[in-house]
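Data first, discussion second: the structure below is written as structure tokens.
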Amino acid sequence: MSTNRKLADEFARMADVLELLGENRFRVAAYQRAARVLGELAENVEDLAGDTNDLVAIEGIGKGLAEKIIEFVETGRIAEHAQTIKKVPKGVLELMAIPGLGPKTLATFWKQADITSLKKLKAAIKTGELETLPRMGKKSVEKLAKSIAFAESAGDRVRLGEALPVALEILEKMRSLKAVVKADYAGSLRRGKETIGDVDILVGVADPEKSAAAVSKAFASMDCVQDVIAAGATKTSVRTDKNLQADLRVVSADQYGAALLYFTGSKENNVAMRERAIRRDLRLNEYGLWKADADMKNPRTHPVAARTEADIFKKLDLAYIEPEMREDRGELSAAEDGTLPDLIKLSDIKAELHAHTVASDGLWSIEELANAAKARGFHTVAVTDHSRAQAVANGLDEKRLIRHIEDVRAADKKISGIRILAGSEVDILSDGKMDYSDKILSQLDLVVASPHMALSQDDAKATKRLLRAIENPYVHIIGHPTGRLINRRAGLQPDMAKLIQAAAETGTALEINAHHWRLDLRDTHARAAIEAGALLAINTDAHGPGDLDHLGFGILTARRAWAEAKHVVNCFTAAKLKKWLTAKRQKMVG
DNA sequence: GCCGTTTTCGGCCCGACTGTTTTCAGTCG
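For the first sequence, the working numbering begins at 9 and goes up steadily by one.
And the structure:
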């Protein structure tokens with residue numbers, strides 16, 4: 009595990025401990041923020057720990073936490089934390105994962121009834137002891153029991169590609185209701201995050217007084233609803249059969265923009281926006297942007313802006329910030345300065361540079377792949393079947409590859425309107441060597457080099473391995489650089505800053521693999537790559553019909569990385585792409 | 001514990017819903 013991750017976990021745990029101990033909530037928030045920031049940091053925090061100034065330059069890290077980071081890097085622990093953590097039993101901390109159970113309630117359980125583990129909590133429910141505790145009635149206990157069952161059955165956050173269909177299905181139902189004027193999914197799904205905690209649905213109606221109740225009822229009685237967690241006048245929360253929570257908010261169509269802004273988040277972005285409003289003598293909530301002294305309860309009071317998100321940004325003197333960027337990662341100051349990126353769009357992609365055919369483990373022929381790519385309006389497609397090490401995927405040995413190259417060249421001649429490149433997805437062996445000789449690689453138009461095996465090797469080895477691949481003159485793209493599978497496999501954890509630097513120096517592109525299980529590179533690493541001047545590729549790794557549709561997930565990730573079309577080789581014109589494909593070889597081997 | 005177009009001290013977003021309370025604390029997003 010990287011030091012960044014370890015420190016992020018350490019601070020997150022401290023936040024939990026301090027919360028349980030009833031510490032100042034702003035101090036708790038500071039720890040939570042530091043944990044988030046360190047988790048997202050692409051640079052290796054060890055490289056920054058030599059100089060306090062470098063650490064303090066990180067948003068959310070002040071003098072106090074900087075000293076703690078240095079202590080952790082030097083000694084592997086933080087003495088003060090170790091002391092504090094001892095005060096709270098480990099089991100109590102674990103109980104914080106149960107939804108609806110917060111620090112105050114848990115502290116009461118622990119101190120008044122010695123409930124320090126899930127086992128003890130369940131026992132206390134059974135014996136009725138829990139009901140005797142303050143503010144715990146029959147209903148609270150029942151709700152808690154359900155919540156425990158949910159926490160035990162529901163595992164991780166759901167992958168983007170699994171949450172989206174659920175949201176679309178709910179939206180279709182909501183839009184079919186007569187009273188509904190507008191409906192959208194919001195939350196982390198709209199921001200395109202790689203995993204989704206719950207599906208947020210926003211509905212706009214002409215008159216909430218009249219129709220909110222009916223809409224909420226329709227939502228709570230959908231077939232997929234297993235459990236209603238909360239059902240109020242304008243806000244409803246349910247658990248669906250996909251083990252996903254779904255939240256509905258019904259607002260007046262006049263205030264839809266304000267509600268969409270609030271409901272899309274992120275929480276951190278909302279806080280930053282509201283703070284900005286206050287500094288400008290305004291107030292922002294989910295009903296609108298208001299004058300600071302406005303009586304918002306009075307229906308005759310009109311907001312400064314509320315109908316659209318764009319109106320609100322404008323009144324706050326900000327350029328419109330795309331949902332994918334709303335993570336409090338500097339987007340507000342960029343929107344103020346007019347330096348927001350012109351984010352890449354799906355229609356900017358003009359080439360697929362990583363796809364498989366029946367020659368290895370794909371489902372379609374070269375022609376079928378080419379026609380599918382052509383149908384999407386691409387000018388180029390690369391055939392990149394697996395190399396020999398991928399025996400399970402019917403990887404090609406050098407002999408078969410030579411023949412395959414000939415087949416691709418023949419197809420390229422036969423099919424007009426699209427250029428078909430002869431490529432390969434070559435395994436990066438565990439020591440960084442390529443699975444084919446340079447002589448073979450030199451015959452290919454395009455080489456995607458990817459790690460498939462030894463994905464749990466230590467960080468230093470992984471860094472060396474991938475650096476060696478980047479430095480190979482014939483490698484154009486590093487495919488799914490870490491090999492992670494979301495919610496399934498952590499993958500390699502190389503020193504990303506070093507890889508990015510090498511990629512920038514050699515003109516090697518780093519792939520955002522668009523499959524929703526991969527999304528590898530992840531958003532924060534892709535952003536670091538752009539900032540360092542490295543190129544990205546966005547590929548679907550298509551194996552058959554329908555797979556090119558995954559591109560949308562890759563685009564969302566790229567937009568979260570602030571990527572513009574010019575940063576992504578798949579957006580190059582045919583001529584520019586051709587030039588790029590030969591540039592590295594020419595530079596390195598002449 | 002962080003941070004600065006009022007500030008190196010004194011602030012730190014805002015509202016819905018629930019259950020247990022007689023007016024609100026706790027949790028969540």
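Built from N, CA and C at the ideal position, the CB exists for glycine as well.
For Ala397, which residues in the same chain have their Cβ closer than 8 Å to its Cβ, ignoring the five residues on either side in sequence?
For this step, residue 397 is matched to residue 389 along the first sequence. Counting only Cβ-Cβ distances below 8 Å, and skipping sequence neighbours, we find Gly403, Asp435, Leu437, Asp443, His460, Met461.
Opposing strand residues paired with Thr7 [DSSP bridges]
Summary: the structure shown does not reach residue 7, with the chain confined to residues 9 through 598, and so no result is reported for it.
I need the straight-line Cα distance from Leu559 to Asp369, nearest angstrom please.
Residue mapping note: residue 559 aligns to position 551 of the first sequence, counting from 1. Residue mapping note: residue 369 aligns to position 361 of the first sequence, counting from 1. Cα-Cα distance, rounded: 20 Å.
Report yes if the CB atom of Met104 is closer than 8 Å to the CB atom of Asp24, and no otherwise.
Here the question's residue 104 lines up with position 96 in the first sequence. Here the question's residue 24 lines up with position 16 in the first sequence. A contact, by the Cβ cut-off of 8 Å.
How far does the alpha helix (DSSP H) with Asn277 in it extend, from its first residue to its last?
Position 269 of the first sequence holds residue 277. Asn277 -> alpha helix (DSSP H) spans 275-287.
Taking Ile204 as the reference, which of Ala162, Arg183, Met9 has the closest Cα?
Reading the first sequence from its first residue, position 196 is the one you call residue 204. The shortest C-alpha separation from Ile204 is found at Ala162.
As an exercise, report each continuous alpha helix (DSSP H) stretch of at least 4 residues that is fully enclosed by the stretch 532-567, in chain order.
none
I need the boundaries of the beta strand (DSSP E) containing Ala16, first residue and last residue.
Here the question's residue 16 lines up with position 8 in the first sequence. Where Ala16 is concerned, there is no enclosing beta strand (DSSP E), although the alpha helix (DSSP H) it sits in stretches over 11-28.
Give the range of the beta strand (DSSP E) segment to which Ile237 is assigned.
One-based indexing of the first sequence puts residue 237 at position 229. Where Ile237 is concerned, the enclosing beta strand (DSSP E) stretches over 233-239.
Tell me which residue opens and which closes the beta strand (DSSP E) that Gly212 is part of.
To locate residue 212, count along the first sequence from 1; it is residue 204. Looking at the DSSP string, the run of the beta strand (DSSP E) that includes Gly212 is 206-213.
In terms of DSSP beta bridges, what is Val166 paired with?
Your numbering for residue 166 matches position 158 in the first sequence. In DSSP, Val166 forms a bridge with Ile204.
Since Gly425 and Lys382 are thought to touch, with beta carbons under 8 Å apart, how far apart are those beta carbons, to the nearest angstrom?
Residue numbering aside, residue 425 sits at position 417 when the first sequence is read from its first letter. Residue numbering aside, residue 382 sits at position 374 when the first sequence is read from its first letter. Confirmed, about 6 Å.
Which residue marks the beginning of the alpha helix (DSSP H) containing Trp525, and which one marks its end?
Looking up residue 525 in the first sequence gives position 517. Taken as a continuous stretch (DSSP letters only), Trp525 belongs to no alpha helix (DSSP H), as it is neither H nor E.
Ile428 beta carbon less than 8 Å from that of Val456
Indexing the first sequence from 1 puts residue 456 at position 448. Indexing the first sequence from 1 puts residue 428 at position 420. It is not a contact, given that the beta carbons lie outside the stated cut-off.
When the Cα atoms are used, what is the spatial distance from Asn277 to Arg334?
The residue you call residue 277 lines up with position 269 of the first sequence. The residue you call residue 334 lines up with position 326 of the first sequence. Rounded to the nearest angstrom, the two C-alpha atoms are 6 Å apart.
As an exercise, report each continuous beta strand (DSSP E) stretch of at least 3 residues that is fully enclosed by the stretch 82-168, in chain order.
none
Does the distance from the CB of Asp255 to the CB of Ile209 come in under 8 Å?
Stepping through the first sequence from its first residue, residue 255 is reached at position 247. Stepping through the first sequence from its first residue, residue 209 is reached at position 201. It is a contact, given that the beta carbons lie within the stated cut-off.
Could you tell me whether the Cβ atoms of Gly195 and Gly265 are closer together than 8 Å?
Position 187 of the first sequence holds residue 195. Position 257 of the first sequence holds residue 265. Going by C-beta atoms, Gly195 is not nearer than 8 Å to Gly265.
Spatially closest choice to Ile158 from Leu252, Leu141, Ile93, by CA coordinates
For the purposes of this step, residue 158 is taken as the residue at position 150 of the first sequence. The identity of residue 158 in the sequence shown is Phe, whereas the question assumes Ile. The candidate whose alpha carbon is nearest that of Phe158 is Leu252.
Determine the direct distance from the alpha carbon of Glu18 to that of His533, and round the result to whole angstroms.
As a working mapping, residue 533 is identified with position 525 in the first sequence. As a working mapping, residue 18 is identified with position 10 in the first sequence. Approximately 22 Å, taken between the alpha carbons.
Excluding the five sequence neighbours on either side, which residues of its own chain have a C-beta within less than 8 Å of the C-beta of Leu474, listed in chain order?
Position 466 of the first sequence, counted from the start, is the residue given in the question as residue 474. If we look at Leu474 and ignore the five residues flanking it on each side, its Cβ neighbours are Ile436, Gly440, Pro459, Ile486, Pro489, Leu500, Pro502, Leu507.
Per DSSP, which one or two residues make a beta bridge with Gly296?
Numbered from 1 along the first sequence, position 288 holds the residue referred to as residue 296. The partner list for Gly296 (beta bridge, DSSP) reads Asn293.
Compare the C-alpha of Glu513 against each of Tyr295, Lys595, Ile178, Lys76 and name the closest.
On the first sequence, residue 513 is found 505 positions in, with the first residue counted as 1. Nearest option by C-alpha distance: Lys595.
With Lys190 as the anchor, note down where its alpha helix (DSSP H) starts and where it stops.
Here residue 190 refers to the residue found at position 182 when the first sequence is read from its first residue. Unbroken run through Lys190 is the beta strand (DSSP E), 188-193; no alpha helix (DSSP H).
For the stretch 74-89 against the stretch 53-61, do three or more pairs of beta-carbon atoms, one drawn from each stretch, fall closer than 8 Å, so that the two count as touching?
yes
Run the CB neighbour count on Lys358, radius 10 Å, all protein chains shown included, and call it buried at 16 or more, exposed below.
For the purposes of this step, residue 358 is taken as residue 350 along the first sequence, with counting starting at 1. Buried, because 16 or more other Cβ atoms sit within 10 Å of the Cβ of Lys358.
Count Cβ pairs between the stretch 344-357 and the stretch 294-301 that sit closer than 8 Å; are there 3 or more?
no
Under 8 Å, with one C-beta from each stretch per pair, do the stretch 573-582 and the stretch 538-547 reach the 3-pair mark?
yes
Taking Cβ positions, are Tyr482 and Leu449 nearer each other than 8 Å?
Position 474 of the first sequence, counted from the first residue, corresponds to residue 482. Position 441 of the first sequence, counted from the first residue, corresponds to residue 449. Yes, these two residues count as a Cβ contact at 8 Å.
Nearest residue (CA-CA) to Lys7, options Ala302, Lys130, Arg492, Ala171:
Here the chain covers residues 9 to 598 and nothing more, so residue 7 does not appear.
Which same chain residues, not among the five before or five after Ala300, have their C-beta less than 7 Å away from its C-beta?
In the first sequence, residue 300 corresponds to position 292, counting from 1. Here the set comprises Asp289, Leu290, Arg291.
Mind checking who Ala457 pairs with in its DSSP beta bridge?
Counting from 1 along the first sequence, the entry for residue 457 is found at position 449. Note: Ala457 sits in a beta bridge opposite Val434, Ile486.
From the DSSP output, read off the bridge partner residues of Val576.
Sequence index remark: in the first sequence, residue 576 carries index 568 (1-based). In DSSP, Val576 forms a bridge with Leu544.
Taking only the alpha-carbon atoms, compute the straight-line gap between Leu28 and Gly200 and give it to the nearest angstrom.
Taking the first residue of the first sequence as 1, we reach residue 28 at position 20. Taking the first residue of the first sequence as 1, we reach residue 200 at position 192. Roughly 32 Å separates the two Cα atoms.
Please confirm whether Ala550 and Gln509 have their CB atoms less than 8 Å apart.
What you label residue 550 is simply residue 542 of the first sequence in a count that begins at 1. What you label residue 509 is simply residue 501 of the first sequence in a count that begins at 1. Not a contact, by the Cβ cut-off of 8 Å.
Hey, Arg284 and Leu324: beta-carbon distance below 8 Å or not?
The residue given as residue 284 occupies position 276 in the first sequence. The residue given as residue 324 occupies position 316 in the first sequence. Result yes, Cβ atoms of Arg284 and Leu324 sit closer than 8 Å.
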